[in-house]
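Here the structure comes first, spelled out in structure tokens, and everything after it is commentary.
In the working numbering, the protein residues as written are 199 to 352.
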């Protein structure tokens with residue numbers, strides 16, 4: 199990561215921690231369930247992960263089921279990007295929202311609503327929360343985990 203991306207990651211992490219505090223309020227207790235149930239197919243997250251691989255221009259992908267985890271890997275050419283959290287609204291409108299910004303937010307996508315792709319509504323990755331509270335994301339240049347309870351950790 200560049201120095202600027204590290205600054206944005208830290209700002210993004212603090213912002214998402216603040217959002218997570220909101221979802222821990224009694225008035226928001228069912229929000230996680232509602233988001234997870236928006237796709238009634240319990241295996242919908244598989245399609246979301248495959249769409250993410252396609253978006254990254256992957257030519258192959260694999261799932262490895264282990265006793266304590268499911269590992270998904272692909273050979274995508276595009277790397278995760280991070281954009282300035284302060285400009286997320288404009289970035290969403292212009293389709294320039296960073297990948298990390300998009301998957302760690304709700305209803306924020308870097309895909310146009312005109313695109314006929316899974317994930318254009320910015321909720322899809324949240325389907326993994328049906329199965330885990332803390333998905334781990336690893337790329338060549340960035341490793342972090344997202345949590346419904348904690349801030350993103352690099």
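Just so you know, even glycine gets a beta-carbon here, dropped at the ideal spot from N, CA and C.
The alpha helix (DSSP H) that contains residue 329, what's its start and end? One-based indexing of the chain shown puts residue 329 at position 131. It is not in any alpha helix (DSSP H) - residue 329 carries neither H nor E in the DSSP assignment.
Look at the alpha carbon of residue 217 and the alpha carbon of residue 335, and state the distance between them as a whole number of angstroms. Counting from 1 along the chain shown, the entry for residue 217 is found at position 19. Counting from 1 along the chain shown, the entry for residue 335 is found at position 137. Between residue 217 and residue 335, the C-alpha separation is close to 20 angstroms.
Cutoff 7 angstroms; reference residue 182; Cβ partners in own chain excluding five residues on either side: What the structure shows of the chain is the stretch from 199 to 352, and residue 182 is not part of that stretch, so it cannot be assessed.
Looking at the unbroken beta strand (DSSP E) that takes in residue 259, where does it start and where does it end? In the chain shown, the residue the question calls residue 259 occupies position 61. Annotation for residue 259: the continuous beta strand (DSSP E) segment containing it runs 259-263.
Within this structure, are the beta carbons of residue 254 and residue 274 separated by less than 8 angstroms? Indexing the chain shown from 1 puts residue 254 at position 56. Indexing the chain shown from 1 puts residue 274 at position 76. For residue 254 and residue 274, yes; Cβs fall inside 8 angstroms.
Would you mind stating whether residue 277 and residue 337 have Cβ atoms separated by less than 8 angstroms? By one-based count along the chain shown, residue 277 stands at place 79. By one-based count along the chain shown, residue 337 stands at place 139. The beta carbons of residue 277 and residue 337 sit closer together than 8 angstroms.
Beta carbon of residue 296, beta carbon of residue 280: below 8 angstroms? As a first step, residue 296 is located in the chain shown; it is residue number 98 there, counting from the start. As a first step, residue 280 is located in the chain shown; it is residue number 82 there, counting from the start. Yes, the pair counts as a contact, with Cβ atoms nearer than the cut-off.
By Cβ distance below 7 angstroms, which residues in the same chain neighbour residue 340 in space, the five residues on each side in sequence not counted? Reading the chain shown from its first residue, position 142 is the one you call residue 340. Around residue 340: 199 and 278.
For residue 324, the nearest candidate out of 225, 209 and 247 (CA to CA): Locating residue 324 in the chain shown gives position 126, where the first residue counts as 1. Distances from the alpha-carbon of residue 324 to those of 225, 209 and 247 put 247 closest.
Using C-beta distances below 6 angstroms, list every residue in its chain close to residue 282, excluding the 5 sequence neighbours before and after it, in chain order. For the purposes of this step, residue 282 is taken as the residue at position 84 of the chain shown. Around residue 282: 206.
Quick check: residue 241 and residue 259, are their CB atoms within less than 8 angstroms of each other? Stepping through the chain shown from its first residue, residue 241 is reached at position 43. Stepping through the chain shown from its first residue, residue 259 is reached at position 61. In this structure, residue 259 does not lie closer than 8 angstroms to residue 241 by Cβ.
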